[in-house]
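Taking it in order: structure first as structure tokens, then the write-up.
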Amino acid sequence: MQETILVIEDDTDILNLIAWHLEHEGFRALKESSGDEGLEAAIREHPCMVILDLMLPGTDGLEVCKTLKRNQDTQNIPVIMLTAKGEEVDRIVGFELGADDYIVKPFSPRELMLRIKAVLRRHAPPQEADEENLLRHKDMVLEPENYRIRIGDRELHLTVTEFNLLFDLLKNRGRVRSRDILLDRVWGYQFEGYHRTVDTHIRRLRQKIEPYADDIETVRGVGYRFREN
Numbered sequence: 000m001q002e003t004i005l006v007i008e009d010d011t012d013i014l015n016l017i018a019w020h021l022e023h024e025g026f027r028a029l030k031e032s033s034g035d036e037g038l039e040a041a042i043r044e045h046p047c048m049v050i051l052d053l054m055l056p057g058t059d060g061l062e063v064c065k066t067l068k069r070n071q072d073t074q075n076i077p078v079i080m081l082t083a084k085g086e087e088v089d090r091i092v093g094f095e096l097g098a099d100d101y102i103v104k105p106f107s108p109r110e111l112m113l114r115i116k117a118v119l120r121r122h123a124p125p126q127e128a129d130e131e132n133l134l135r136h137k138d139m140v141l142e143p144e145n146y147r148i149r150i151g152d153r154e155l156h157l158t159v160t161e162f163n164l165l166f167d168l169l170k171n172r173g174r175v176r177s178r179d180i181l182l183d184r185v186w187g188y189q190f191e192g193y194h195r196t197v198d199t200h201i202r203r204l205r206q207k208i209e210p211y212a213d214d215i216e217t218v219r220g221v222g223y224r225f226r227e228n
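Mapping of the sequence shown onto numbering that gives the first Met the number 0: residues 0 to 228, in sequence order.
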């Protein structure tokens, strides 16, 4: 069955260009030109990904992203933002709202396809847990195959990015992980110095893994380290 990718973009030429390349790669492309129509389509169709322009008529891209991530039915749909060169602040806000990646216009369709595939790999369907692959920290257990985490009898709900971030820190416990390394390992490649998105995800992660928030240590000027047992 074809995977559906929703493209929300008000520039018809860009919209059709992206749709053509998606279909060439074997995806079903669903096209919408406004934020409101895009939100309705996301809820109705539940696509495997949303490619979202930030500058949209009516409801803008940031508001669309916020709404998607607050809706229980759409919060796990990955989002790639399309931005202009001068929208750095908006890109950072987009990451803080839960977007998975961004690409700057004008862009290479080949680069966009590579980024789409990289994000989809990070959101791959869960597999059956293998006891040998479990990561443990006291009574916290991570199951990498199915993105599950529990503390004692309590199961936590992390986004895929939050889980991958915790997994990297825990797997390398005791070692300092710079922000650049975390960007590369968790997001898949460098984000051109966008260290703030790492800090934002760390803050959210600490809130979710109480009582072990303090075990994620800040190494000033460098990055983070997960404390050894």
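Using N, Cα and C, we set each Cβ at its ideal position, and we do this for glycine too. All values derive from a computational prediction rather than experimental measurement.
**Message:** Can you tell me whether F94 is helix, strand or coil according to DSSP?
**Reply:** helix
**Message:** At the level of alpha carbons, what is the spacing between Q71 and F106?
**Reply:** 32 Å
**Asked** Using the rule of at least 16 other Cβ atoms within 10 Å of the residue's Cβ for burial, across every protein chain shown, is L133 buried or exposed?
**Response** L133 comes out exposed.
**Request:** Assess, as a yes-or-no matter, whether the segment 209 to 219 is touched by the segment 95 to 114 under the definition of 3 or more beta carbon pairs within less than 8 Å.
**Result:** no
**Request:** Over the uninterrupted alpha helix (DSSP H) stretch that includes K170, give me the two end residues.
**Result:** 159 to 170
**Request:** Can you tell me which of L96, V78, N228 puts its alpha carbon nearest to the alpha carbon of V118?
**Result:** The closest CA to that of V118, considering only L96, V78, N228, is found on V78.
**Request:** Compute the Euclidean distance between the alpha carbons of L5 and N228, then round it to the nearest angstrom.
**Result:** 44 Å
**Asked** First and last residue of the alpha helix (DSSP H) that includes T199?
**Response** 194 to 207
**Request:** Give the range of the beta strand (DSSP E) segment to which M48 is assigned.
**Result:** 48 to 52
**Asked** If we ignore side chains and look at the alpha-carbon of each, how far apart do G192 and N75 end up?
**Response** With a pLDDT of only 49 at G192, under 50, the local geometry of the prediction cannot be trusted, and no value is derived from it.
**Prompt:** Over what stretch of residues does the alpha helix (DSSP H) that includes V118 continue unbroken?
**Reply:** 108 to 121
**Asked** Taking the DSSP output, what are the residues bridged to D100?
**Response** I79
**Message:** When you compare the CB positions of R224 and R184, do they come within less than 8 Å of one another, or not?
**Reply:** In this structure, the beta-carbon distance from R224 to R184 does not fall below 8 Å.
**Prompt:** Would you call the CB atoms of L14 and K30 closer than 8 Å?
**Reply:** yes
**Item:** Whole-Å CB distance - L21 paired with V49, under 8 Å assumed
**Value:** That pair is no contact at about 12 Å.
**Asked** What's the call for H156, buried or exposed, on a 16-neighbour Cβ count within 10 Å?
**Response** Classification of H156: exposed, given that the 10 Å Cβ count is below 16.
**Message:** According to DSSP, is T73 part of a helix, a strand, or is it coil?
**Reply:** coil
**Request:** Please work out which residues of its chain come closer than 8 Å, Cβ to Cβ, to R135, disregarding the five sequence neighbours upstream and downstream, and give them in chain order.
**Result:** L141.
**Message:** Checking the sheet assignment: what are the DSSP bridge partners for L141?
**Reply:** DSSP, once it has assigned bridges, lists L134, I148 as partnering L141.
**Item:** T11, buried or exposed, once every other Cβ within 10 Å from all chains shown has been counted against 16
**Value:** Under this definition T11 is an exposed residue.
**Item:** Nearest residue (CA-CA) to L55, options L38, H45, L165
**Value:** L38
**Prompt:** Hey, would you say R121 sits closer than 8 Å to N163, going by beta carbons?
**Reply:** yes
**Message:** Taking 6 Å as the limit between beta carbons, can you name the residues of its chain near V218, skipping five residues before and five after?
**Reply:** Take V218, set aside five residues on each side of it, and the residues of its chain with a beta-carbon closer than 6 Å to its own are V175, R224, in chain order.
**Message:** Quick check: the Cα distance between V221 and L96, rounded to an integer number of angstroms?
**Reply:** 24 Å
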